[in-house]
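Working notes, structure below.
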Amino acid sequence: MDMSTNYMGFDLPHPLVPGASPMAGDLDTVRRLEDAGAPMIIMHSIFEEQLVKEESYVDWTLMQGQDSSSEASSYLVTPYEFRLGPDAYLKQLQKIKAAVRIPVIASLNGHTPGGWISYAKLLAQAGADGIELNLYDLALAPNRESSDIEKESLTVIQAVRKAVSIPLAVKLSSFYTAPVHFVAQAVKAGAGNVVIFNRFYQADIDIENLTVKRELKLSTSDELLPRLRWTAAISGQVDCRLAITGGVQNADDVIKCIMVGADAVQIVSALLEHGPKHLAVLRAAMEQWMQDHEYVSVKQMKGSMSLARSPDPELFERGNYIRILQGWNKPVSRTDAHWS
Ligand SMILES: Cc1cc2nc3c(=O)[nH]c(=O)nc-3n(C[C@H](O)[C@H](O)[C@H](O)COP(=O)(O)O)c2cc1C
Numbered sequence: 093m094d095m096s097t098n099y100m101g102f103d104l105p106h107p108l109v110p111g112a113s114p115m116a117g118d119l120d121t122v123r124r125l126e127d128a129g130a131p132m133i134i135m136h137s138i139f140e141e142q143l144v145k146e147e148s149y150v151d152w153t154l155m156q157g158q159d160s161s162s163e164a165s166s167y168l169v170t171p172y173e174f175r176l177g178p179d180a181y182l183k184q185l186q187k188i189k190a191a192v193r194i195p196v197i198a199s200l201n202g203h204t205p206g207g208w209i210s211y212a213k214l215l216a217q218a219g220a221d222g223i224e225l226n227l228y229d230l231a232l233a234p235n236r237e238s239s240d241i242e243k244e245s246l247t248v249i250q251a252v253r254k255a256v257s258i259p260l261a262v263k264l265s266s267f268y269t270a271p272v273h274f275v276a277q278a279v280k281a282g283a284g285n286v287v288i289f290n291r292f293y294q295a296d297i298d299i300e301n302l303t304v305k306r307e308l309k310l311s312t313s314d315e316l317l318p319r320l321r322w323t324a325a326i327s328g329q330v331d332c333r334l335a336i337t338g339g340v341q342n343a344d345d346v347i348k349c350i351m352v353g354a355d356a357v358q359i360v361s362a363l364l365e366h367g368p369k370h371l372a373v374l375r376a377a378m379e380q381w382m383q384d385h386e387y388v389s390v391k392q393m394k395g396s397m398s399l400a401r402s403p404d405p406e407l408f409e410r411g412n413y414i415r416i417l418q419g420w421n422k423p424v425s426r427t428d429a430h431w432s
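One point on numbering: in the working numbering, the residue at position 187 of the sequence shown is 279, and numbering is uninterrupted.
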């Protein structure tokens, strides 16, 4: 069975990649991932705020109004909350590079061009085999237009592309009105690889204490559906390599991702839950499924459910929407009591 694929300019033996997470913060875990067959390592992100030097960090927090109210000081990050500062991040990258033989991808999360460019150069110099730009910009001000945000993101991609020659991926949020158009623009700006979609963690509210509750819940397969839809819409229309992240728990999920056109499938929650060895389990289950269904390669399966295969993708999607709504039936059991 030929499970090979190509992502971020690398020929990979199979498409199952551990996604950005604290797993890369621990060398032993990184080695165990490689032993389990990981074809590349994606480091957790370094955040733009971490790139601000110690002294200017004070200015930055003041600018953000951290000291203007006690409430503000509870939700802004403070330096000690960051796991690795810029120097430690570069050192960890070098340690990982020395420990494994697979490509190591660094991850940058920011929202202004400045810090990204110089740090992207440092990452490349430190030996990163590629960079994943983790784009995240929450538009909370009424005068910020979606087009402004998209332009800023594209400027960042262009600037980083110009600054380094190593492969570049952009990891997108799902908050775009027209994701296919934005992906096309991002690719034009220089990101040859696109990750769909980051999973952002929304804080809940503690109504007794009037505070925010920050709790990270691992994903479930339900989260895969919007990723499948948009990958199906992008693949075949935009010339780039695609990775799906978010909700991949089992081999069926991986197969769905490939069928909609993904070149790689990033996995985090399932590995955090079951450990690095789970990667090998998923890979074996995927291969078995492909054998049972007489596929000979990942390439053969890739894109078989892409919307590019549909004569009228918009009509098809609207048809799905209408059928799902109109096909709903009152559950036979349990809820009867509520309905009578
Ligand atoms: C504990 C934890 C830490 C994460 N850290 C990062 C990060 O630093 N950068 C990033 O781009 N994504 C980060 N992610 C998001 C994952 O890379 C991934 O996109 C997300 O968890 C969805 O994949 P999953 O459903 O397989 O978990 C993190 C996820 C978890 C659970």
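Ideal placement from N, C-alpha and C gives every residue a C-beta, glycine not left out. Since this is a predicted model, take the numbers as computed values, not measurements.
Exercise. Consider the C-beta atom of N285 and the heavy atoms of ligand 1; say whether any pair is separated by less than 7 Å.
Key: For the purposes of this step, residue 285 is identified with residue 193 of the sequence shown, where counting begins at 1. No, Cβ of N285 sits at least 7 Å from all heavy atoms of ligand 1.
Exercise. Work out the CA separation of V109 and I359 for me, nearest whole Å.
Key: Here the question's residue 359 lines up with position 267 in the sequence shown. Here the question's residue 109 lines up with position 17 in the sequence shown. Taking the straight line joining both Cα atoms gives about 6 Å.
Quiz item: Is the Cβ-Cβ distance between C332 and G395 less than 8 Å?
Solution: Here residue 332 corresponds to residue number 240 of the sequence shown, with the count starting at 1. Here residue 395 corresponds to residue number 303 of the sequence shown, with the count starting at 1. C332 is not a Cβ neighbour of G395, given a cutoff of 8 Å.
Quiz item: Quick one: is the Cβ of I359 within less than 7 Å of any heavy atom of ligand 1?
Solution: What you label residue 359 is simply residue 267 of the sequence shown in a count that begins at 1. In this structure, I359 has its CB closer than 7 Å to one or more heavy atoms of ligand 1.
Quiz item: By how many angstroms is the C-alpha of A212 removed from the C-alpha of M351?
Solution: Reading the sequence shown from its first residue, position 259 is the one you call residue 351. Reading the sequence shown from its first residue, position 120 is the one you call residue 212. Each residue's Cα considered, the two are about 33 Å apart.
Quiz item: Could you give the residue range of the alpha helix (DSSP H) that holds I194?
Solution: Residue 194 sits at position 102 when you count from the first residue of the sequence shown. Membership of I194 in any alpha helix (DSSP H) is not indicated, and neither H nor E is assigned to it by DSSP.
Quiz item: In or out: N290 buried (at least 16 other Cβ within 10 Å) or exposed?
Solution: On the sequence shown, residue 290 is found 198 positions in, with the first residue counted as 1. Taking every protein chain shown into account, the CB of N290 has 16 or more other CB atoms within 10 angstroms, so this residue is buried.
Quiz prompt | Proximity test, A362 beta-carbon vs ligand 1 heavy atom, cut-off 7 Å | solution = Stepping through the sequence shown from its first residue, residue 362 is reached at position 270. Using a cutoff of 7 Å, the CB of A362 counts as near ligand 1, since one of the ligand's heavy atoms is closer than that.
Quiz prompt | Nearest to A180 (by Cα), restricted to the options S137, Q380, F267 | solution = As a position in the sequence shown, residue 180 is number 88, starting the count at 1. Residue S137 is the option with its Cα nearest to A180.
Practice problem: Using alpha carbons as the reference points, say which of L364, G101, M378, A116 lies closest to S257. | Solution: Sequence index remark: in the sequence shown, residue 257 carries index 165 (1-based). The shortest Cα separation from S257 among L364, G101, M378, A116 belongs to G101.
Quiz prompt | Short CB-CB distance (under 8 Å) between E315 and chain C | solution = Given the protein chain composition of this structure (a single chain), no chain C is represented.
Quiz item: Residues in its own chain within less than 6 Å of V275 by CB, not counting five upstream and five downstream?
Solution: Here residue 275 refers to the residue found at position 183 of the sequence shown. Correct list, in chain order: V286, I326, V330.
Quiz item: Cβ of G219 within 8 Å of Cβ of K187?
Solution: Locating residue 219 in the sequence shown gives position 127, counting from the first residue. Locating residue 187 in the sequence shown gives position 95, counting from the first residue. Going by C-beta atoms, G219 is not nearer than 8 Å to K187.
Self-check item: 8 Å Cβ cutoff met for L316 and V262
Solution: As a position in the sequence shown, residue 316 is number 224, starting the count at 1. As a position in the sequence shown, residue 262 is number 170, starting the count at 1. No, these two residues do not count as a Cβ contact at 8 Å.
Quiz prompt | Beta-carbon separation (whole angstroms), M95 vs E379, contact threshold 8 Å | solution = Reading the sequence shown from its first residue, position 3 is the one you call residue 95. Reading the sequence shown from its first residue, position 287 is the one you call residue 379. M95 to E379, Cβ: 6 Å. Contact.
Quiz item: Among all the DSSP beta bridges, which residues are the ones paired with N98?
Solution: Here residue 98 is taken as the residue at index 6 of the sequence shown, counted from 1. Among the bridge pairs identified by DSSP, N98 is matched with D103.
Quiz item: So what's M66 in DSSP terms, helix, strand or just coil?
Solution: A query on residue 66 cannot be resolved here, the shown segment of the chain reaching from 93 to 432 and no further.
Quiz item: Going by Cα to Cα distance, which pick from H370, H366, G367, M382 is closest to K348?
Solution: To locate residue 348, count along the sequence shown from 1; it is residue 256. Of the candidates H370, H366, G367, M382, the residue whose Cα lies closest to the Cα of K348 is M382.
Practice problem: Measure the Cβ-Cβ separation of T269 and S238 and say whether it is below 8 Å. | Solution: Along the sequence shown, one-based indexing puts residue 269 at 177. Along the sequence shown, one-based indexing puts residue 238 at 146. Against a cut-off of 8 Å, the Cβ pair of S238 and T269 comes out as a contact.
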